[in-house]
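Read through the structure below, which is laid out as structure tokens, and then see the notes.
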Amino acid sequence: AQSSQHPQSPRMDLCHVPATREKGWYLALMAPNVKGPNYAWLDPSRLYCHPQGLQDCLADLLQPFQGDAIDLVAGIDAMGFILGAAAAATLQKGFLAIRKAGHLCVQTVTQPYTDYSGREKLMELRTDAISPGLRILLVDQWVETGGTMRAAIELVERLGGVVAGRRGAPGHPGVQWHHHRPHSLWWPLLRPPCVPTGVAAICIENSEGGKWIQERYKCSHCVPARLQPRFDQHQ
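Mapping the sequence shown onto UniProt numbering, position 231 (from 1) lands on 231, and the numbers just tick up by one.
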């Protein structure tokens with residue numbers, strides 16, 4: 001068989017665990033891009049191969065939601081399925097797959113979005129799994145521009161699910177707001193604040209979209225503050 005001409009990442013020692021496991025130690029297990037600009041700058045999924053790395057990643061992601069009422073975990077197609085299903089198993093909750101459009105044979109709602117690469121896509125969610133007030137933890141592998149996560153939030157909220165409590169609009173403390181279409185106005189929903197569940201990803205970049213999500217929803221990610229600038233700059 002013809003071998004690849006690209007440089008290879010060093011092999012990972014699945015048994016090695018550092019003596020001091022600080023938050024985010026497992027981020028070093030991720031593999032850098034060796035194939036050029038047509039690919040993402042990093043492959044986070046390599047850390048899932050390491051048993052302790054995966055367990056510590058999940059523990060860090062879920063720690064901020066300790067004590068929060070969560071009814072269901074939803075993962076975003078495709079890499080969010082891995083972390084989302086693992087989080088659901090850890091929490092002993094069900095798992096809902098939010099799909100790229102065209103795969104589900106049941107009734108769905110759809111939402112257009114622009115992904116991190118600037119491509120226009122369509123996301124879909126089945127209509128028979130979410131009832132009004134269901135508290136959902138949304139999980140994806142990475143939030144870069146925020147477009148994919150915002151589309152998932154839109155679908156969940158359109159069906160009446162609760163992703164997180166509104167953190168409060170200036171001048172309107174305690175009022176929740178709901179976004180129906182990209183670039184539309186925010187309209188207040190006159191209802192009591194919801195119990196926060198939230199949004200979780202290995203990294204939430206400080207892009208415009210990433211900040212928008214973090215300002216409005218309870219969020220969790222694994223990148224220590226000292227490393228955040230490097231991840232924002234893809235270094």
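In this text, a Cβ means the ideal position worked out from N, Cα and C, and glycines have one as well.
{"Query": "Tell me whether alanine 97 sits in a helix, a strand or coil according to DSSP, three-state version.", "Result": "strand"}
{"Query": "Go ahead and pull the three-state DSSP assignment for glutamate 208.", "Result": "helix"}
{"Query": "Comparing alpha-carbon positions, which option in Ile130, Pro132, Thr110 and His16 lies nearest leucine 122?", "Result": "Thr110"}
{"Query": "Grouping DSSP H, G and I as helix and E and B as strand, with all else coil, what is serine 131?", "Result": "coil"}
{"Query": "Kindly indicate which three-state DSSP category methionine 123 falls into: helix, strand or coil?", "Result": "strand"}
{"Query": "Within the same chain, show all residues whose beta-carbon is closer than 6 Å to that of leucine 16, passing over the 5 residues directly before and after it, in chain order.", "Result": "Checking the displayed sequence, the identity of residue 16 turns out to be histidine instead of leucine. Hits under 6 Å: none found."}
{"Query": "When burial is assigned at 16 or more other CB atoms within 10 Å of the CB, is glutamate 22 buried or exposed?", "Result": "exposed"}
{"Query": "Looking at isoleucine 202: is its Cβ nearer than 8 Å to the Cβ of methionine 149?", "Result": "no"}
{"Query": "How would you label arginine 181, buried or exposed, when you count the other beta carbons within 10 angstroms and need 16 or more for buried?", "Result": "Only weak support exists for where arginine 181 lies, its pLDDT of 37 falling under 50; the value from the coordinates is given anyway. Exposed: under 16 other Cβ atoms inside 10 Å."}
{"Query": "Taking 8 Å as the threshold (C-beta atoms), are isoleucine 136 and threonine 197 in contact?", "Result": "yes"}
{"Query": "Measure from the C-beta of leucine 159 to each C-beta in chain D and report whether the shortest distance is under 8 Å.", "Result": "Included in the structure is just one protein chain, with no chain D present."}
{"Query": "Is valine 162 closer than 8 Å to glycine 133 when the C-beta atoms are compared?", "Result": "yes"}
{"Query": "When the distance is taken between beta carbons, is glutamate 205 closer than 8 Å to valine 106?", "Result": "no"}
{"Query": "Can you check which of these residues, Ser131, Arg119, Val156 and Tyr26, is closest to glutamine 55 by C-alpha distance?", "Result": "Tyr26"}
{"Query": "Taking the CB atoms as reference points, tell me whether isoleucine 130 and glycine 84 lie closer together than 8 Å.", "Result": "no"}
{"Query": "Since glycine 75 is in the alpha helix (DSSP H), which residue starts that stretch and which ends it?", "Result": "Counting along the chain, glycine 75 falls outside any alpha helix (DSSP H), though it belongs to the beta strand (DSSP E) covering 72–76."}
{"Query": "Whole angstroms are fine: how far does the CA of proline 224 sit from the CA of alanine 200?", "Result": "14 Å"}
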